[in-house]
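Let me begin by presenting the structure, written as structure tokens, before commenting on it.
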Amino acid sequence: MRRALYAWVRVAVLPEALAELGLDPARPVCYVLHGRHLSNLLVLFEETRRAGLPPPSASLPLGGKVLPRRYFFLDRKPGLFAVGKRQTPSPILTGMVQAVLADAEADAQIVPVTILWGRAPDKQQSVLKALFAETWRAPGLLRQALAVLLHGRQTLLRFSRPFSLRELLGEEQDLARSQRKFARILRVHFRRQREIAIGPDLSHRYTLVAELLEAPALRAAIRAESEARGFTEAHAAARARRFALEIAADYSYGVVRAFELFLAWMWTRIYAGVEVRHFDTLLQIAPGQGIVYLPCHRSHIDYLLLSYVLHQRGMTPPHIAAGENLNLPLVGALLRRGGAFFLRRSFKGEPLYAAVFHEYLHQMLARGFPIEYFIEGGRSRSGRMLAPKAGLLAMTVRSFLREHTRPLVLVPVYLGYERLLEGKSFVEEQQGKPKERESLFALFSAWRLLRGFYGKVHVNFGEPLVLTAALDAARLDWREERELRAPWVRSFIEAVGDQVAERINDAAVVTPVNLVASTLLTTPKQAADAQALAAQIGLLQALLAELPYAPRCVGLAGSPMEVLEAAAKLEFVERVAHPLGELWRVRAGVAPQLSYFRNNVLHLFALPSLLACLLARNRRLEGERLAEVCQGIHALLRAELFLRTRDADLPAAIAALVAWFRQRGLVRQREGSSRLAAPEAASAALAQLRWLGEIIRPTLERHFLTLSILQRHGSGRLTRKALEEAGHLLSQRLGLLYAFNAPEFSEKNQFAAFVDTLLESKWLSENADGTLAFDQRIATPVQHAALVLPAEAREAIRRMAGEMGAVPP
């Protein structure tokens, strides 16, 4: 077997001069290996033979005993795929300790032997080799076999200087205590040797789980579970431990390195690289502060993207909250070792699970581990920023209120793509197809997507939110708060969620696809003259450059034609030659996907588009009237799109936009007059103004339609389900009869999202019987729609809402 192994294996031995070991030939030698594997033993046999050292297989005379061999394993845990149960001490170790305790003259030289299969993970350049590089986890037989196969030619054997068994035991005379002391010293030695070779042990899973179970809050929950379900306390504690292991991450540097190599390959294989902005934000956060990364959620790639960016720049990758739907066989284990911790979609009916998860998150935050979770909960299928989900954010805030010795910083992160791997499935889900459950089959079938080209990926770090400062601004005596579910805490969590969503939007990166989607999709046929389209793209670029939406918002450089060429390369648009002039159009079948990228940046153009819509539709408008109408409509837009402009700041924002429009020739205003006028009829400027106004029109039409249905039926008459169904059916009919330019205009999910906005912003409330109640506030945006929407659209919506009979609840 040794000969067969050495046909493949190559071993480097340290120290090179074995005389440095200082072995005493007069005293017996015993070798100790850490891991119990045949491959380790065969390497030891061969290398001692080559070095002329005492053979491990020879008998060991010691005192009055003769032991059958000169080696033993410190860790005697067997197992084919995983670690087995704890074993009793080695008989050789027991025999040596007994011999030394029985004979005052007896002694043995203990030589620790460290065998490493391969280099540290950070030295590996292969995904597979990184996955099976040396780690702190004791390998099972299968993993060890793979390590030999992959790393056999980079094996390292290190002989350490011998320990005197008698000196190690000292004055101790008890056999059991002597064995434990000896084993403890050897474990520390092997740990130090491994730390030198592969770096510190970053996995804390088992130690953290053990400490979790001793936490007072969790002990109380275990007792409550025991009493409520009639379990013994030990049984309840065992359930809590199972829950903790189900949740906890199991960080492995080898897996993180494998992900890094895989992603580095993927960024060059199907993407054009990753652009990172405002990374210096993280460097300004003082050492010792806890960090919670809160990115928007666009794609499953998000789970790996931020960790890759941070790891590449020398920052500790965060532990990432992932839904249990991703805890698939094999995949779940890899994600867990990459830093993922898992949570169930609902904690209902399992108070013990909830207590375990709360305590786990609290311990992670209190110890300063960086955490990452998606503030929206799930992936946005529409491309808009979804309403923040309070669950994990609430746990984070309450954890900090409970223990705030370590400052905590929330870091919003904008993740932007130029094309999505999940693009087609998102469109299907938006159109009503049920979401497919994650599975290994779905994962493997997704490999075919890696043949495409997906453009650049953009990571932009938003303005951090320091939790201490936010709490001080909300309530000065928060440090004395003992009721973690007080009403003010709930309100504070909602406000923080909205702030994070706004700061993510503030950090939007505008890509060529965003610009093309925001222009071409607003045309009736999703096609336009090349020169006119280039001018409109240039107008949007100038708006972003000259009136930046926010300090961290990024508008990418490049001429309008370069923008169009980039979108064409991603197969969203195509050039059409024509004798009267070149055209550009959206490729067949991709308009619904393209609408996703328009929605990514809809918030950036919402207010300019609203102003353009008002001015283009009304030809002449007093400045005061313009501000009044904007104020009424902007409140709903701000709630739905998480706009940064507050009501108090709106007049100044409108004035700045009007001045910019005037400078660009998009609006006329006589000296000393407050009246604003649209450009001359049939002028290029009027066409540009109307084109700009079309960006927000589908959203306003959806608002008008939904509010008109509510007005038609009255407060307390419709359930949420009935309202969404009515909006969906009416919008479908409108789309068949009239020109509504948004591909997703009639999708039920869009109406559901708007109803969510109305409920969360208190425009609607839900009665005990499930019907929706509202007051006269909704009349204001309905009235203002007359100034924004074309007459035919308004009349069609009013007529259909009026003709509609009773809607089933």
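With the sequence shown counted from 1, adding 1 to any position gets you our numbering. Virtual Cβ for every residue (Gly too), placed ideally from N, Cα, C.
Under the DSSP definition of a beta bridge, which residues are partnered with residue i?
{"i": "Pro140", "result": "DSSP lists no partner for Pro140."}
{"i": "Thr156", "result": "Val12 and Trp118"}
{"i": "Leu677", "result": "Leu622"}
{"i": "Glu767", "result": "Leu773"}
{"i": "Glu575", "result": "Arg586"}
If distances are taken between C-alpha atoms only, which option among the options comes closest to residue i?
{"i": "Ile538", "options": "Glu563, Ala551 and Tyr550", "result": "Glu563"}
{"i": "Val12", "options": "Gly119, Ala109, Ile372 and Asp76", "result": "Gly119"}
{"i": "Leu611", "options": "Leu327, Val497 and Pro699", "result": "Pro699"}
{"i": "Val275", "options": "Ser253, Leu306, Thr772 and Gly255", "result": "Leu306"}
{"i": "Arg278", "options": "Leu150, Val511 and Pro288", "result": "Val511"}
{"i": "Ala678", "options": "Ala341, Phe160, Leu616 and Ala20", "result": "Leu616"}
{"i": "Arg795", "options": "Leu735, Arg553 and Ala250", "result": "Leu735"}
{"i": "Gly771", "options": "Ser253, Val756 and Arg721", "result": "Arg721"}
{"i": "Ser492", "options": "Arg480, Ala471 and Glu481", "result": "Ala471"}
{"i": "Ala273", "options": "His359, Val789, Lys457 and Val555", "result": "Lys457"}
{"i": "Met2", "options": "Ala237, Pro16 and Glu47", "result": "Glu47"}
{"i": "Arg620", "options": "Pro413, Arg346, Arg718 and Arg676", "result": "Arg676"}
How many Å lie between residue i and residue j at the Cα?
{"i": "Ala686", "j": "Ala654", "result": "22 Å"}
{"i": "Leu627", "j": "Leu485", "result": "45 Å"}
{"i": "Lys570", "j": "Ser40", "result": "53 Å"}
{"i": "Leu878", "j": "Leu622", "result": "No answer is possible for residue 878: it lies beyond the span of the chain, which begins at 2 and ends at 810."}
{"i": "Asn742", "j": "Ala528", "result": "Per-residue confidence for Asn742 stands at a pLDDT of 49, beneath the threshold of 50, marking its modelled position as unreliable; the derived number appears in the next sentence. If I take the Cα positions, the gap works out to 12 Å."}
{"i": "Glu761", "j": "Phe775", "result": "13 Å"}
{"i": "Leu651", "j": "Pro330", "result": "52 Å"}
{"i": "Arg154", "j": "Trp9", "result": "7 Å"}
{"i": "Met812", "j": "Glu215", "result": "Given that the chain is displayed from residue 2 to residue 810, the structure contains no residue 812 and the question cannot be resolved."}
{"i": "Pro809", "j": "Gly728", "result": "Per-residue confidence for Pro809 stands at a pLDDT of 44, beneath the threshold of 50, marking its modelled position as unreliable; no derived number is given."}
{"i": "His301", "j": "Gly333", "result": "13 Å"}
{"i": "Arg819", "j": "Gln542", "result": "No statement about residue 819 is possible, as the shown extent of the chain runs from 2 to 810 and does not include it."}
{"i": "Ile696", "j": "Val602", "result": "10 Å"}
{"i": "Leu45", "j": "Val30", "result": "14 Å"}
{"i": "Leu336", "j": "Val14", "result": "35 Å"}
{"i": "Ala18", "j": "Phe280", "result": "48 Å"}
{"i": "Ala241", "j": "Tyr354", "result": "7 Å"}
{"i": "Leu6", "j": "His152", "result": "12 Å"}
{"i": "Gln500", "j": "His35", "result": "52 Å"}
Check residue i in the structure and name its three-state DSSP category.
{"i": "Glu360", "result": "helix"}
{"i": "Leu521", "result": "helix"}
{"i": "Lys66", "result": "strand"}
{"i": "Trp268", "result": "helix"}
{"i": "Asn506", "result": "helix"}
{"i": "Ile538", "result": "helix"}
{"i": "Trp661", "result": "helix"}
{"i": "Asp76", "result": "strand"}
{"i": "Asn461", "result": "strand"}
{"i": "Gly666", "result": "coil"}
{"i": "Tyr550", "result": "coil"}
{"i": "Cys631", "result": "helix"}
{"i": "Gly417", "result": "strand"}
{"i": "His298", "result": "coil"}
{"i": "Ala688", "result": "helix"}
{"i": "Asp530", "result": "strand"}
{"i": "Arg3", "result": "helix"}
{"i": "Val332", "result": "helix"}
{"i": "Arg278", "result": "strand"}
{"i": "Gln290", "result": "coil"}
{"i": "Pro113", "result": "strand"}
{"i": "Ser596", "result": "helix"}
{"i": "Val467", "result": "strand"}
(message) For the pair the region 412-426 and the region 452-463, tell me if three or more CB-CB distances fall below 8 Å.
(response) yes
(message) With three or more C-beta pairs closer than 8 Å as the rule, is the region 625-634 touching the region 778-789?
(response) yes
(message) Taking 8 Å as the cut-off, does the region 223-234 touch the region 261-279 (at least 3 CB pairs, one atom from each stretch)?
(response) no
(message) Pairs of beta-carbons, one from the region 292-301 and one from the region 496-516, closer than 8 Å: are there three or more?
(response) Under the Cβ criterion (8 Å, minimum of three pairs), the region 292-301 counts as touching the region 496-516.
(message) Check whether the region 386-397 and the region 268-276 are in contact - that is, three or more C-beta pairs closer than 8 Å.
(response) no
(request) Pair every Cβ in the region 157-164 with every Cβ in the region 95-113, then say whether three or more of these pairs are closer than 8 Å. (result) yes
(message) So, does the region 656-666 touch the region 577-590, judging by three or more C-beta pairs under 8 Å?
(response) no
(request) Could you say if the region 139-149 and the region 177-193 meet the contact criterion of at least three C-beta pairs nearer than 8 Å? (result) no
(request) May I ask you to verify whether the region 374-381 touches the region 580-594, counting CB pairs closer than 8 Å and requiring at least 3? (result) no
(request) Say whether the region 663-672 touches the region 548-567, bearing in mind that this needs 3 or more beta-carbon pairs closer than 8 Å, one atom from each stretch. (result) no
(message) I'd like to know if the region 99-107 and the region 58-70 are in contact, where contact means that at least 3 CB-CB pairs between them fall below 8 Å.
(response) yes
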